[in-house]
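Asks: Supplied in structure tokens, the structure appears directly below.
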Amino acid sequence: MYSMQKRSGNRRSVVAKLSLPPITRSVVYEHPPARVWRALTDPDLLAGWLMRPVGFVPAIGTHFEFRADPAPGFDGIVRCEVVECMPPSADGHASLAYHWQGGPMKRPTLVRWTLAPMDTANGVATRVDLSHSGFDGFDVLIARAVLGLGWRRLLVRQLRTALDALASTT
Amino acid sequence: MPSRSCAPAAIAPGRRTSAALVLSALGDETRRALIAQLTARREARVTDLAAGFDTTRSAISQHLRVLREAGLVQETRQGRERLYRLAPAGFQDLATWMRQYEHFWDLALSRLGDVLDAEAQRESEVSGG
Chain A
1 MYSMQKRSGN RRSVVAKLSL PPITRSVVYE HPPARVWRAL TDPDLLAGWL MRPVGFVPAI
61 GTHFEFRADP APGFDGIVRC EVVECMPPSA DGHASLAYHW QGGPMKRPTL VRWTLAPMDT
121 ANGVATRVDL SHSGFDGFDV LIARAVLGLG WRRLLVRQLR TALDALASTT
Chain B
1001 MPSRSCAPAA IAPGRRTSAA LVLSALGDET RRALIAQLTA RREARVTDLA AGFDTTRSAI
1061 SQHLRVLREA GLVQETRQGR ERLYRLAPAG FQDLATWMRQ YEHFWDLALS RLGDVLDAEA
1121 QRESEVSGG
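Note that the protein sequences, when read in sequence, are chains A and B. Just so you know, we're using my numbering here: the first sequence kicks off at 1 and counts up by one. Just so you know, we're using my numbering here: the second sequence kicks off at 1001 and counts up by one.
Okay, here's the thing in structure tokens:
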């Protein structure tokens, strides 16, 4: 989102900070949490829906990579580190998070999965919440004077429009 | 596997990945400072811009070239002078890049459903003998 920050003690007292909103998704799968957890942590299953992991084990501190075919601007490698790992508890709640850095990212972003059991007419299901955040590694220090006039407002408005369009798709 | 063709940056392979250029261009402190300067002035010459930095004019020209190639800055000639100003449309590429990433996750989540169904099938076959 677009936000203004005040920096006290700085000559440039007002800066505009452009940080991109997180990507969030919520999906219910008619499968028990244990099976979903396996799909999130078993390398062969991961390769079937996300990318082929190299060196992944579900344990905090593990450094691993996801590998895909290279493309322009992307060497095919996403560098990751497990930072949170809670296998399904007795009540079926679980979470898994890893740093995610690939392509043009200068800093790692964060991919976080949370699993919550649900009862449906067809039996047990799992609500999966995905959050991919930390895109503020792309912050742009836009100006000390974004509050100014005319074309500057235009710039701000265009940025805001672009970001609102983004936000509305989530 | 389907995942092979769905790496985030590979979604629009036909297009030179301008978001990568933008992010790379913005990854440098001097260039971010130049963006800030250009936001504070409507238009500026290299000489004006270079005045604010402890670096050579030609280094500033190089940075401006990177910003121009990323589509963040445009250059116009006025007589013998080159004038630089921001090109806001360049920032749109960031938004486009994010949309591609969203698309990547939507595809992945959809494939996750397929993988789970296949796993359930396999499990029932194993347990069923």
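Ideal Cβ positions, reconstructed from N, Cα and C, are used throughout, including at glycine.
#1: Could you give the DSSP three-state label for phenylalanine 172 (chain A): helix, strand or coil?
#2: Mind pulling the chain B residues with CB within less than 8 Å of leucine 110 (chain A)?
#3: In angstroms with no decimal places, state the Cα-to-Cα distance between threonine 1030 (chain B) and proline 22 (chain A).
#4: Give the secondary structure of alanine 1043 (chain B) by DSSP, where H, G and I count as helix, E and B as strand, and everything else as coil.
#5: Quick one: any contact between the stretch 1109 to 1120 of chain B and the stretch 48 to 68 of chain A, if contact means 3 or more CB pairs under 8 Å?
#6: Can glutamate 81 (chain A) and histidine 99 (chain A) be called in contact, C-beta distance under 8 Å?
#7: Should arginine 1077 (chain B) go down as buried or exposed, given a rule of 16 or more other Cβ atoms within 10 Å for buried?
#8: If we cut at 8 Å on Cβ distances, does arginine 1111 (chain B) have a partner in chain A?
#9: Comparing alpha-carbon positions, which option in A:His31, A:Val27, A:Pro108 lies nearest histidine 63 (chain A)?
#10: Would you tell me roughly how many angstroms separate the C-alpha atoms of asparagine 122 (chain A) and serine 1124 (chain B), rounded to the nearest one?
#11: In this structure, how does DSSP classify glycine 76 (chain A) when only helix, strand and coil are distinguished?
#12: From the DSSP output, in three-state form, read off histidine 93 (chain A) for me.
#13: Return the first residue and the last residue of the beta strand (DSSP E) that aspartate 129 (chain A) is part of.
#14: Whose C-beta lies closer than 6 Å to the C-beta of alanine 145 (chain A) among residues of the same chain, with five residues either side of it excluded?
#15: Between the stretch 1065 to 1085 of chain B and the stretch 1037 to 1052 of chain B, are three or more C-beta pairs nearer than 8 Å?
#16: Got a sec: is the Cβ-Cβ distance from proline 48 (chain A) to anything in chain B below 8 Å?
#17: Along chain B, in chain order, which residues have C-beta atoms closer than 9 Å to that of histidine 132 (chain A)?
#18: In the structure shown, what three-state DSSP assignment does arginine 1080 (chain B) receive?
Replies: Answer, in terms of the structure:
#1: Residue 172 (chain A) is absent from the structure shown; chain A starts at 1 and stops at 170.
#2: Correct list: empty, because the minimum Cβ distance to chain B is about 13 Å.
#3: 27 Å
#4: Alanine is not the amino acid found at residue 1043 (chain B); the sequence shown has glutamate there. Coil.
#5: yes
#6: One thing to note: glutamate 81 (chain A) has its Cβ within 8 Å of the Cβ of histidine 99 (chain A).
#7: exposed
#8: Arginine 1111 (chain B) counts as touching chain A.
#9: A:Pro108
#10: 16 Å
#11: coil
#12: coil
#13: Per DSSP, aspartate 129 (chain A) belongs to the beta strand (DSSP E) from 123 to 133.
#14: Note that alanine 145 (chain A) scores 24 on pLDDT, short of 50, meaning its location in the model is unreliable; the coordinates nonetheless yield the value given after this. So the list is empty, once near-sequence residues are dropped.
#15: As far as the Cβ criterion goes, the stretch 1065 to 1085 of chain B touches the stretch 1037 to 1052 of chain B, which means the pair count is three or higher.
#16: As written in the sequence, residue 48 (chain A) is glycine, which differs from the proline given in the question. So yes, glycine 48 (chain A) belongs to the interface.
#17: Tyr1101, Glu1102, Trp1105
#18: coil
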